[in-house]
Amino acid sequence: MSLSLILLQLITGLAYGMLYFMIATGLTITLGVMNVINLAHGTFFLVGSYITFMLVNQQFSFWIALVITAFIIMLVGIVVERMLIRHVYGKELEQVLLTFGLSYILVDISKMIWGVQHHTIATPDILNFSISLGGGFVFPAYRLFIVFIGCLFVLLLFYLEYRTRIGAIIRAGVDDREMVSALGINITMVFTGVFAFGVILAGLGGGLGAPFLGVYSGLESDILVTSLIVVVVGGLGSWKGSFIGAILIGIIETFAKAWFPALSMVTVFIIMIIVLLIRPQGLFGREVEL
Amino acid sequence: MKKILISTSILVLVILIAPFVLTVYGVYLATEIAILAIFAMSLGLILGYAGLITLGHAAFFGIGAYTVAIAGQYFSDTYVLFIISILLSGITALISGAIFLRTSKFYFLMITFAFGQMIYALVYQSSWTGGNRGTDVPVTLNFGFGEITSPIGLYFVMCFFFVIFYVLLRFFVNSPTGKIVKGIMENESRMRALGYNTLVYKLLVYTLSAIIVSVSGSLFAYFNMFVSPGITNWTFSGEALLMIIIGGVGTLFGPVIGASFYVVLQNYISTYTEYWLLILGVILVILVLIGRGGIIHWIRHFGENIFFSKKKID
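Those protein sequences? They're chains A and E, same order as listed.
Residue numbers for the first sequence follow this note's numbering, beginning at 1136 and rising by one.
Residue numbers for the second sequence follow this note's numbering, beginning at 2 and rising by one.
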């Protein structure tokens, strides 16, 4: 395997990793702050990519489509949290079943609206070129752009977490929820906001990923599994853990797909097992009480 | 003991009468219900008695089913195939459980989920499992007194297994070990303080339920004569959870009621619309929001109100 091919795989893996990072961050923040497991997370990803697809088909530019997608999916997230998730705080089994049912509902509604066929979104013109890596290998600029977006997103999260009041509230919420509400902060608003934020990340991930992942029902399951694995590897409630986990999983998965395609899923799973054997709480997770 | 005898005899009576009442298609559905009831019951054991939420038990169902389909090409003896599937699922459960159970609740859920999807991906991508198209089952059920292929024969075999597992799990739940497991669910640190190795007990329940699920998977292979990767997907585990919550968590019979309800409803609705999953999702959401723990609890609650019993369920 030549060096430029390895470089190519590395950047592809990085692009996938950044996408996984966005999605898994949504999942891990919801888990860390609200203690809610959202099995419909992959479905929000799918719905996000469908909405983007629809808007692009309506002659919207890709970027405006993304913004509108984020807005629509945010509304969906707020409604879902207010009407459904609110009732199952602190009840794991109910959360699993509720979000499982929700995922069925959303997937079937998507099928009604957009059909079951495999849709694609054209890469936006401005990024529709390739970068030569030498040795005859070319790399699509769009994936590099995803890596760039991922880095921007890391900076944004750092800023939000350490420089803003909301970040402080959320950090406090992860540590001690009751204390936060005792201090006079409207924790229900925080929860709605956090859930909506997580859902936006999933939906935006769907929109951003659509040009190279495609849009089809069935994708939600793969995305959900991968983001759960990222969260497990990285540690609950820690987006920094998700970052490392996502990059790791993205790169390993890409290389595994290239070298032994039939076992790519197994390879990722083995990584997860190894991490768990060494650190049952994940790479960046805190010690959890049983 | 007396209660087990009574409930079992009622069950056997219902099973014996059912074929006279039901149509041919009804018997077919009843057979499917018996198989799914075994699955739901044993998932109900780990959920309702050990408090562990797993989304990966369909993998064991798949192991059971695919063992019959694949190993069936080399061995035709039913007993041998069952033993292989029990050993395979038992060993897989022991190893995976030993790793997974060391983690906390959310982790366990996510890891079993990922585990199930790994098995799904393996089955889906491999050529020796027939890949995404699935594979035919080359053997028929034979316990040493002739091949059993008629619908009514299959019905009685599945029901026989169902009753056996029902009685077995009843005894297990009432045994000292079963009580300890329930104690761990209710207060793990106290049970640990009392000197029990909680991990061992959890592993025991996990493995037991995995083995029973794999047997139901093997039975399914004989019943369906065809296996496809769908039976190892996490949505199948989710559907089994759904049966449990429809029927009632924390009981053995609840999941059985749930499985019957589920199968009948699925057959009824899917003749009218292709969006059966949408309706299923709505039912699920409503059930969760209403709560009160499923049909069996409603019946009990209803019964208590009618007969003014002072007994309270907690």
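C-beta atoms are modelled at their ideal positions from N, C-alpha and C, and glycine is treated no differently.
Note that the coordinates shown come from a computational prediction; the quantities given were computed from them, not determined experimentally.
CB contact check: residue i to chain A, cutoff 9 Å
i      : result
E/F101 : yes
E/I11  : no
E/D315 : Low confidence applies here, because E/D315 scores a pLDDT of 48, under 50, leaving its location unreliable and the question unanswered by this model.
E/F107 : yes
E/G145 : no
E/Y250 : The displayed chain sequence assigns Val, not Tyr, to residue 250 of chain E. Closer than 9 Å to some Cβ of chain A, the Cβ of E/V250 qualifies, so yes.
E/A241 : no
E/M226 : no
E/A122 : yes
E/M2   : no
E/T236 : yes
E/T93  : no
For residue i, the first and last residue of its enclosing alpha helix (DSSP H)
i       : result
E/F224  : 199-225
A/V1289 : 1276-1298
A/R1498 : Limits of chain A in this structure are 1136 at one end and 1425 at the other, which puts residue 1498 of chain A out of reach.
A/Q1193 : Element bounds for A/Q1193: n/a, residue is neither H nor E.
A/S1238 : 1227-1249
E/K235  : Per the sequence shown, the amino acid found at residue 235 of chain E is Trp instead of Lys. Its alpha helix (DSSP H) spans residues 235-248.
A/S1139 : 1138-1164
E/I92   : 79-101
E/N175  : 152-175
E/Y26   : 25-45
A/W1374 : 1374-1394
E/Y67   : 58-72
E/A194  : 189-194
A/D1260 : Premise fails: A/D1260 is in no alpha helix (DSSP H) and is neither H nor E.
A/F1326 : 1322-1348
E/T9    : 3-22
E/T113  : 106-126
A/T1402 : 1399-1413
Span of the beta strand (DSSP E), counted from its first residue to its last, around residue i
i      : result
E/P256 : E/P256 -> not in any beta strand (DSSP E); alpha helix (DSSP H) instead, spanning 254-271.
Inter-residue CB distance, residue i and residue j (contact presumed, cutoff 8 Å)
i       : j       : result
E/I59   : E/F237  : Residue identity differs from the one stated: residue 59 of chain E is Ala in this sequence, not Ile. Yes, E/A59 and E/F237 are in contact; Cβ-Cβ is about 4 Å, under 8 Å.
A/I1208 : E/L279  : About 19 Å separates the two Cβ atoms, so there is no contact after all.
A/L1363 : E/M111  : 5 Å
E/G295  : E/V264  : Rounded, the Cβ-Cβ distance is 16 Å, inconsistent with contact.
A/C1334 : A/G1167 : Residue identity differs from the one stated: residue 1334 of chain A is Val in this sequence, not Cys. In fact, because the Cβ distance is near 15 Å, the residues do not count as touching under 8 Å.
A/T1187 : A/T1160 : Their Cβ separation, rounded to whole angstroms, is 19 Å, which puts A/T1187 and A/T1160 out of contact at 8 Å.
E/V168  : E/T9    : 6 Å
A/V1367 : E/Y121  : In fact, because the Cβ distance is near 17 Å, the residues do not count as touching under 8 Å.
E/L56   : E/I47   : Wrong, their Cβ atoms sit about 12 Å apart, outside the cutoff.
Contact with chain E by residue i, beta-carbon distance below 9 Å
i       : result
A/V1211 : no
A/V1366 : yes
A/V1423 : Because the pLDDT at A/V1423 is just 48, under 50, the model does not fix this residue reliably, and the point stays unresolved.
A/A1303 : no
A/L1154 : no
A/F1419 : no
A/Q1416 : yes
A/Y1168 : Sequence inspection shows Val at residue 1168 of chain A; the Tyr mentioned does not correspond to that position. It does not; no Cβ of chain E falls within 9 Å.
A/I1244 : yes
A/A1205 : no
A/M1157 : no
A/L1126 : Nothing about residue 1126 of chain A can be read from this structure; chain A reaches only from 1136 to 1425.
A/F1348 : Reading off the sequence, residue 1348 of chain A comes out as Leu, not Phe. No, A/L1348 lies away from the interface with chain E (no Cβ there is under 9 Å from its Cβ).
A/L1292 : no
A/L1140 : no
beta-carbon residue i near the ligand ATP non-hydrogen atom, thresh 8 Å
i     : result
E/V22 : This structure simply doesn't include the ligand ATP, nor any ligand for that matter.
Interfacial residues, the stretch 1305-1334 of chain A to chain E, with Cβ spacing under 7 Å: Legend: CB atoms of the stretch 1305-1334 of chain A lying less than 7 Å from CB atoms of chain E are not found in any residue.
Interface residues of the stretch 255-267 of chain E facing chain A [CB-CB below 8 Å]: Going along the stretch 255-267 of chain E in chain order, one finds no residue with a Cβ nearer than 8 Å to chain A.
Interface residues of the stretch 1212-1239 of chain A facing chain E [CB-CB below 8 Å]: Flagged, chain order: L1219, H1222, V1223, E1227, L1228, E1229, V1231, L1232, L1233, F1235, G1236, L1237, S1238, Y1239.
Residues in the stretch 277-291 of chain E having any Cβ partner in chain A nearer than 8 Å: Of all residues in the stretch 277-291 of chain E, L278, L279, L281, G282, V283, I284, L285, V286, L288, V289, L290 have a Cβ within less than 8 Å of some Cβ in chain A.
Contact set between the stretch 126-138 of chain E and chain A, restricted to residues whose Cβ is under 7 Å from the partner: Residues Q126, S127.
Contact between the stretch 1274-1283 of chain A and the stretch 1248-1262 of chain A (3+ Cβ pairs under 8 Å): Contact annotation: the stretch 1274-1283 of chain A touches the stretch 1248-1262 of chain A, with at least three C-beta pairs closer than 8 Å.
At least 3 beta-carbon pairs within less than 8 Å: the stretch 155-174 of chain E vs the stretch 22-40 of chain E: Verdict: yes, contact present.
Contact between the stretch 1222-1235 of chain A and the stretch 1174-1186 of chain A (3+ Cβ pairs under 8 Å): When Cβ pairs closer than 8 Å are counted between the two stretches, the stretch 1222-1235 of chain A is seen to touch the stretch 1174-1186 of chain A, the count reaching three or more.
Touching by the beta-carbon criterion (3+ pairs, under 8 Å), the stretch 60-67 of chain E and the stretch 1356-1373 of chain A: Contact between the stretch 60-67 of chain E and the stretch 1356-1373 of chain A is absent, because fewer than three Cβ pairs lie under 8 Å.
Contact list for the stretch 183-196 of chain E against chain A, Cβ threshold 8 Å: Answer set for the stretch 183-196 of chain E: E189, S190.
Contact between the stretch 1335-1355 of chain A and the stretch 1179-1191 of chain A (3+ Cβ pairs under 8 Å): Yes, since at least three Cβ pairs between the stretch 1335-1355 of chain A and the stretch 1179-1191 of chain A fall closer than 8 Å, the two stretches touch.
Meets three-Cβ-pair contact criterion under 8 Å: the stretch 74-83 of chain E and the stretch 202-210 of chain E: Under the Cβ criterion (8 Å, minimum of three pairs), the stretch 74-83 of chain E does not count as touching the stretch 202-210 of chain E.
Three or more C-beta pairs below 8 Å linking the stretch 173-184 of chain E and the stretch 1412-1421 of chain A: No: the two stretches stay apart, fewer than three of their Cβ pairs being nearer than 8 Å.
Chain E contacts from the stretch 1395-1411 of chain A (Cβ-Cβ distance under 7 Å): Against chain E - using a Cβ distance shorter than 7 Å - the residues of the stretch 1395-1411 of chain A are A1397, M1400, V1401, F1404, M1407, I1408, L1411.
Sufficient close CB pairs (3 or more, under 8 Å) joining the stretch 1143-1152 of chain A to the stretch 1300-1307 of chain A: The stretch 1143-1152 of chain A vs the stretch 1300-1307 of chain A: no contact.
Inter-stretch contact (C-beta, 8 Å, three-pair minimum) for the stretch 1212-1222 of chain A and the stretch 1328-1344 of chain A: They touch, by the three-pair rule.
The stretch 57-83 of chain E: positions lying closer than 9 Å to chain A by Cβ: Flagged: no residues at all.
contact_flag[the stretch 180-188 of chain E, the stretch 136-144 of chain E] where n(CB pairs < 8 Å) is 3 or more: Counting C-beta pairs with one atom in each stretch, the stretch 180-188 of chain E and the stretch 136-144 of chain E have fewer than three that are closer than 8 Å, which means they do not touch.
Contact list for the stretch 1171-1204 of chain A against chain D, Cβ threshold 9 Å: The structure shown has no chain D; the protein chains it does contain are A and E.
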